[in-house]
Structures are given as structure tokens and as C-alpha cells.
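Single-structure report; data block below.
2 protein chains.
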Amino acid sequence: MSVSIKEVASRAGVSISTVSRVINGSKNVSPLLKVKVEKAIAETNYSANSIARGLKISKTNNIAVIITAISRTFFTDILEGISKEAEANGYSVVVAETHDSIEKEIYLVDYFVSQWVDGIILASSAYGDGLKVRKYLDSLDKLNKKGTRIPVITLEYPINNKNVDAVTIDNEKAAYEAVTYLIRQIHCKNILHICIPFEHYLGQKRMEGFRRALEENGLPFLQENVVECDYTSYSGYKAVKKIAEERRDFDGIFCDNDQMAVGVLKACEELQIRIPEDVAIMGNDDVFVASVVSPSLSSIHVPKYEMGALAMKRMAEVLEMIEAGKKCPKRKVLLLQHEIVERESTVKDNRESLQYLFW
Amino acid sequence: MSVSIKEVASRAGVSISTVSRVINGSKNVSPLLKVKVEKAIAETNYSANSIARGLKISKTNNIAVIITAISRTFFTDILEGISKEAEANGYSVVVAETHDSIEKEIYLVDYFVSQWVDGIILASSAYGDGLKVRKYLDSLDKLNKKGTRIPVITLEYPINNKNVDAVTIDNEKAAYEAVTYLIRQIHCKNILHICIPFEHYLGQKRMEGFRRALEENGLPFLQENVVECDYTSYSGYKAVKKIAEERRDFDGIFCDNDQMAVGVLKACEELQIRIPEDVAIMGNDDVFVASVVSPSLSSIHVPKYEMGALAMKRMAEVLEMIEAGKKCPKRKVLLLQHEIVERESTVKDNRESLQYLFW
DNA sequence: TTGAAAGCGGTACCAG
DNA sequence: CTGGTACCGCTTTCAA
Chain R
275 MSVSIKEVAS RAGVSISTVS RVINGSKNVS PLLKVKVEKA IAETNYSANS IARGLKISKT
335 NNIAVIITAI SRTFFTDILE GISKEAEANG YSVVVAETHD SIEKEIYLVD YFVSQWVDGI
395 ILASSAYGDG LKVRKYLDSL DKLNKKGTRI PVITLEYPIN NKNVDAVTID NEKAAYEAVT
455 YLIRQIHCKN ILHICIPFEH YLGQKRMEGF RRALEENGLP FLQENVVECD YTSYSGYKAV
515 KKIAEERRDF DGIFCDNDQM AVGVLKACEE LQIRIPEDVA IMGNDDVFVA SVVSPSLSSI
575 HVPKYEMGAL AMKRMAEVLE MIEAGKKCPK RKVLLLQHEI VERESTVKDN RESLQYLFW
Chain F
275 MSVSIKEVAS RAGVSISTVS RVINGSKNVS PLLKVKVEKA IAETNYSANS IARGLKISKT
335 NNIAVIITAI SRTFFTDILE GISKEAEANG YSVVVAETHD SIEKEIYLVD YFVSQWVDGI
395 ILASSAYGDG LKVRKYLDSL DKLNKKGTRI PVITLEYPIN NKNVDAVTID NEKAAYEAVT
455 YLIRQIHCKN ILHICIPFEH YLGQKRMEGF RRALEENGLP FLQENVVECD YTSYSGYKAV
515 KKIAEERRDF DGIFCDNDQM AVGVLKACEE LQIRIPEDVA IMGNDDVFVA SVVSPSLSSI
575 HVPKYEMGAL AMKRMAEVLE MIEAGKKCPK RKVLLLQHEI VERESTVKDN RESLQYLFW
């Protein structure tokens, strides 16, 4: 265990170069030596030290994945997709969390660059217009080790950098469709919007979609129907409780994520509001929990696993192109298809068979 | 970006050694040179290449975490705990999945050893008594790079290797207590056991606990009340459906995990079995979903986050001891306390405030 | 086809 | 306190 190429070489009675050639599949090794080397490798259970190799060829086969929090259910499937595709392409996945801190994010990117990761997959929290953030975002397509680029691919949404790839869905359109669905199919007239923090890019896009849906369907946009929450179930719960206390009317609720939607569900239950008869509820993301709660939660299905897998696939592709000498592959923003999933929170008794619940 | 120590040295007009000293905080640098070097570092935005350093001092600051699947909700909190504590101690986390394949697990351990990770945190699937598995388990305390040990810490249960640390709960006792609770508190007389695969070590421990609880409370152990399932909700669902079809009686169900318990819940709902009046249900693990479903699910709380955090903490500690020259720290099996959480699936209307649902 | 040797970017020892 | 130098394990010229 943990023998070096040197020992293998001496054991096989050949030079280090020859061992290296055998390992890396060079043609120019005589059958005799090849056999000898292979024997020595087998006997010593040798496997090349990737650190040393990495140092030499400046390729670590590590991909950094930076997300806000592992415990955000949304990322679970994404990670799984990344992990699977990474393995298929011979990469390892190094995970780190920002916990929504942009400072942390900037630090991590820098750290991973110093670690010589081959690429970075990033769920960024870098919105806003501060100088520091802009500078950071601008720098993201210039990351490099020894002159060769370290590609960055963002998840969820494209960042404001014309050279950084992204794998995402159309967040504005998804929100638009969800709200339009509530209006046209479910005949809601008075829809609340439970939001993630406004400053977040995703929050803004979903708000735009929400507004457009109201406008195009001739419904008024009421600022008081919009509540800024903080991602958590409890914040969604509190928001609805408060509005109910104020005795305001509503017959539909669009939530920016499923977590808050579950809180909303609980609040309605306590308030003895019937779902979906009195109020129809739409979540967003379609994490597995949506189909586990009762009433089950209608949501916008985001192909999370595919998002992760595709990001990693693209990463491998870009890396290959870079290796092949094509310096800067053209930017790609890959748009995945979302889909509205109807469940009991908008359609009475519309339960799906447990068979389809892969949990 | 990506400058080498060489450039910094020449820019500062000092030797590489001096730069190295400054970086690593040596006392033996004159203030003058120190300032010069720090200036050069700042100007070039230099940060030491961890690959090269790793090669030299054979320490990568990477900890491999090998789990069965990222999407197993059980691991989410564990990963979060590991990640947090890793960061606090200056380590990075490299995650990989075995998908319950022991071959994959063996491969991954080998792979990470060749990657020179500093340590491995492992949720093993290596049960059974095959020669290969035994050999593998035996090898686990001999992993090393350049003669220094690569410590392994297992999660969930201690493996059969007298030198590998573990962070776990007492799985037999937890099952025993859960079933005893069903018998004594809830007065169940006829309890089903929905199991994870029998061959799994955890499955066996929980079965032992189940049997002991019945015996000590004077209830008969009936083989037909034990159903082997496969972790998934759907398998739990099917199991209960089948038993109901056979018109067999039961008034309590102990499930080896919450996932299957949720399937059981759904089956009961469809069968119009009242919970908890007709049948009381206990899950295991207490993943967050347990408090989100309705009726909410009583479960055995496993301190998952703490399990991960403690494993990583112990890892850092062991690594430090090894560095300090204490060759082989004595084995520790850290036992965390589990706890029975009563919710609506065993106690009518026993709902907890959403406030305590941190999701 | 083969081996010697340089060097990737650091660290650490040794001499001054 | 400082700089020179060997070396970590591997890849890759370059000559033979």
C-alpha cells in the first residue's frame, strides 16, 4: 500500500520512465518489459499518486461544487446528478457550503482555485450591484491555473458574466405559468405571493413572472399580496397566519419554494381553510416532500437531477475542449424544461400513486 | 492569479525560503523582509498551491466521505455536520457514493488512498461474512500514505475491526426502546416490523431489539409479522397492503426507517385504518420529513448532524495526534444518545409547533 | 525501445 | 536571520 513508482521500477528492474509509460498506456514499450512492470504493479498493489501527477500535469480531476447548504433539499438531487456524472467522467466532487454568504462564496472560489480544482460548479448567492460583487462576478471567467482556464458553471440561473456557462430553467416563465395556471385553470382571483428574499435574483425573476401573469390575465397587482419570507417553512406559515389575522381575502397562493409552501399548508390547516376548495396552493421546485405531505403539493417541477448531471457533463466537455487546445469554448446557457405538476393542493383528490414516489 | 512562490520571491527580492517562512508564520524573518514579502504576496494575490505543498508534506487536507447515496435523506444532516466541522478545522470534504455496492466501496477507499486524502469517513455497506469483505475490513486500519496512517471513522455502526473508530448510536437498544414504547405506552399487542434488508448489520441489530422487546414484555415473536423491505416508501406501502389483504390483525408497526414508515402511513390511509387509534406507527431516524407528513410520524431521533460533526471532530483530533507523533491513537467508539419522539402517529393530536420545524 | 534528468511548486534542512 | 539545495512522486523531453 502506498508504494511509489520508484519501488515498482526497481522491483521490475526497469526505469521509472518505463513504468510511467506502462501506466499511461504508451505504445512504445516492449512486451517483455510491459509484463514485468505489470507484474510488479500487481504485486505491490501500486496505484499512481494523483497528487504528484496533479502537480506535474496541473490536473487534479477534482471539481468543486459550491452550494448554499447541503441541507437545502433542492440541492440533494442536484448533488446526486453531479456526483453520478462526475464519476462517469473520472472526476471527484468536493463540496462546500456558503450558507448564503457572498464573502464565503468569494473565499471558497479563491480557495478552490488555489487547490487547483479543474472546474467549479456554483450555485451563487452573488446578486446585488455592489462593486465587490461585480468585480467578483467579472473575475469568474478569468480563473486559471498556470494560464489554463478553470471553467465555472452556475446552477439555477445565469450570472451576469458573458463567459460563464449556466444550467438553469426559465425562472420567470415558470412563475408566470404557475400563476397563470392558478388563474385560468383553478380560477383564482386573489393570489398571494410568498417570496424568497427580494434581493435574490431568483426572487426577482419569480416576481416578474408573477406580475406578468396577473397583468396578462387582467388581474390587479396588489403590493400587500406579496410577502417576503426567508425560505423556511416557518416563514411561510407565519406569513399566512398574519394575513389571515388581518382578515384579508385570498383564494390562491404561489410560493417561491416548496418549503414555504409546506408552512403555508400547515397554516391553512390550522385556520381551517380548505385546500384546494377555499385556497389553491402552488409550490416551486417540486422536491420530493411535495408528494409526501397531505394534501400533496402542486408545484413546478424543476429537473434537479438533470440539472446537476448536465452541469457536470458540460464541465467534462469544456475541460476536454480546453485540454484539446481550444482555448475558450463559447458560452452556453443550457435551459432545461420545467413542468407544472398538479397535486391535491390545487386539484381535489388528485393524488398520485405512491408507486411513483421514489423516496 | 496563480502565481508561484518563485515569482513572489523574485518580486520581493528575497529567496524562496524566505517567502515560505513568511507564509508559514516562522518567527525567524526580519521585519523588513517580512514586509517586503507580504507586499509582494498582496500585489500578486498569491496563495500557496496546495497540491505542491500536499506532495511535499503528504497532507492534502482533504477528507473523503463515502456514503451510500446523497439522496438518502438520512445523510443530509450528517453531511452538513461533517462539512461544518471540516471547515472549522481547515479540511475539505470530498463526497462519493457507493449506492450500496460493496465493490464500489472497496474501489472508492482504494481510490481515495491513492488521492492521499488525510482521512476517510465511511458509512459502510460491508456486512456479511465473505472472505473479500473480511479482508477489506481488516485492511481498513492499515491504510496509509508514506507509512503514516489514514484514519477511518465509520458512521451508523462500528465495523468489525478493532482499530477503526466509529460514531454511532446503540441501534439494538433504540429498536428495543421503540418497540417497548409501543407495547407499554401505546398498549400495542400485535406489532409488525417493517425491515430494511436482513443482511444489513443495522437490520440485524434492529431485529434483535425488536425481538428482545417482545420477549421482555411477554409477547410472542411471530415470523409472519416481520417483513423485509428495501428502504423505499413504496416497499413499506406494499408490505402493509399485502398484510391487510391477508386480513391479518395488527395494532402497531415499527419501521426501520422513516421512509418506509411514510409508505406505511399512506397505505393505512388508503385502507381507512385510523392512526393512531387503530394502529400506532413508529419510524426510525427522525428525518425532517417525519414532522412534515400528516399525521406526523413518531420516530427515533438520531442526532445526525451531531453524528457527522462528531465524526469530523474526532477525525481532526486523530489526525493531530498522528501528526504529533503518537502513532496509533486508541480506538474510540463514540455512542450518541437517541431519543423517542412522540408525534401524531402514536399519540392522537400530538402535533408539534411548526416553529420547531426547521426546514 | 529505453533510461537519465529536469522540473511541477512547494518545504525543510543545512551552512553561513 | 538568510539563501542554497535536496526532495516529495510523477511526467516528459532528450539522447542513446
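Order-wise, the sequence lines are chains R and F.
Following the numbering used here, the residues of the first sequence are numbered contiguously, the last one being 633.
Following the numbering used here, the residues of the second sequence are numbered contiguously, the last one being 633.
Heads up, the beta-carbon is just placed ideally off N, CA and C, and yes, glycines get one too.
Check: So, helix, strand or coil for Glu626/F, using DSSP?; Outcome: coil
Check: According to DSSP, is Leu488/R part of a helix, a strand, or is it coil?; Outcome: helix
Check: Under 8 Å, Cβ to Cβ, is there at least one residue of chain R near Thr506/F?; Outcome: yes
Check: Should the region 600 to 619 of chain R be regarded as contacting the region 473 to 482 of chain R, the criterion being three or more beta carbon pairs within less than 8 Å?; Outcome: no
Check: Using a Cβ cut-off of 8 Å (strictly closer), state whether Met546/R contacts chain F.; Outcome: In the sequence as presented, Met is not what sits at residue 546/R; that position holds Gln. It does not: the Cβ of Gln546/R has no partner Cβ on chain F nearer than 8 Å.
Check: Residues bridged to Gly526/F by DSSP?; Outcome: Ile465/F, Ala554/F
Check: Return the first residue and the last residue of the beta strand (DSSP E) that Gly393/R is part of.; Outcome: 393 to 396
Check: Give a yes or no on whether 8 Å exceeds the smallest Cβ distance from Ala343/F to chain R.; Outcome: yes
Check: Closest by CA to Ser304/F, which one among Val288/F, Ala316/F, Ile315/F, Glu317/F?; Outcome: Val288/F
Check: Do Val367/R and Val339/R have their CB atoms nearer than 8 Å?; Outcome: yes
Check: Measure the Cβ-Cβ separation of Glu388/F and Ala322/R and say whether it is below 8 Å.; Outcome: According to the sequence shown, residue 388/F is Ser rather than Glu. In contact: Ser388/F and Ala322/R (Cβ atoms closer than 8 Å).
Check: Check Ser399/R in the structure and name its three-state DSSP category.; Outcome: coil
Check: Can you tell me where the beta strand (DSSP E) holding Ala440/F begins and where it ends?; Outcome: 439 to 443
Check: Within the region 318 to 367 of chain R, note down every full alpha helix (DSSP H) run reaching 4 residues or more, in order along the chain.; Outcome: 324 to 331, 347 to 362
Check: If the criterion is Cβ atoms closer than 8 Å, does the pair Asp525/R and Cys462/R meet it?; Outcome: yes
Check: Against chain F, with Cβ distances strictly below 8 Å, would Gln497/R count as a contact?; Outcome: no
Check: Based on Cα-Cα distance, which residue from Lys622/F, Ala487/F, Glu379/F, Asp439/F lies nearest to Val592/F?; Outcome: Asp439/F
Check: What does DSSP give as the partner residue(s) for Ala370/R in the beta ladder?; Outcome: Ile340/R
Check: Tell me, please, whether the CB atom of Ala322/R is closer than 8 Å to any CB atom in chain F?; Outcome: yes
Check: When DSSP labels each residue in this structure, what does Asp559/R get in the three-state scheme?; Outcome: strand
Check: Does any C-beta atom of chain F lie closer than 8 Å to the C-beta of Ile325/R?; Outcome: yes
Check: Tell me which residue opens and which closes the beta strand (DSSP E) that Val576/F is part of.; Outcome: Note, Val576/F: premise wrong, no beta strand (DSSP E); not H, not E.
Check: Using beta carbons (cut-off 8 Å, strictly below), is Asp403/R in contact with chain F?; Outcome: no
Check: Which class does Ile380/F belong to by DSSP, given the choice of helix, strand or coil?; Outcome: helix
Check: State the start and end residues of the unbroken alpha helix (DSSP H) segment that holds Glu519/R.; Outcome: 507 to 519
Check: Count the other C-beta atoms from every protein chain shown that fall within 10 angstroms of the C-beta of Pro494/R, then say buried if there are 16 or more, exposed otherwise.; Outcome: exposed
Check: Nearest chain R C-beta to Asp552/F closer than 8 Å, yes or no?; Outcome: no
Check: Under the three-state reduction of DSSP, which class applies to Val615/R: helix, strand or coil?; Outcome: strand
Check: Against chain F, does Gly557/R count as a neighbour if the rule is that its beta carbon must be under 8 Å from one of theirs?; Outcome: no
Check: With a threshold of 7 Å on Cβ separation, who are the neighbours of Lys420/R within its own chain once the five nearest residues in sequence on each side are excluded?; Outcome: Ser332
Check: Are the C-beta atoms of Asn418/R and some chain F residue less than 8 Å apart?; Outcome: yes
Check: I'd like the list of long-range same chain contacts for Ser324/R, defined as Cβ closer than 8 Å, with 5 residues on each side in sequence excluded.; Outcome: Thr334, Asn335
Check: Assuming Ala360/R contacts Met595/R (C-beta within less than 8 Å), just tell me the rounded distance between them.; Outcome: Incorrect: roughly 18 Å between the Cβ atoms, too far for contact.
Check: In this structure, does DSSP put Glu543/R in helix, strand or coil?; Outcome: helix
Check: Reducing DSSP to helix, strand and coil, say where Ile315/R ends up.; Outcome: helix
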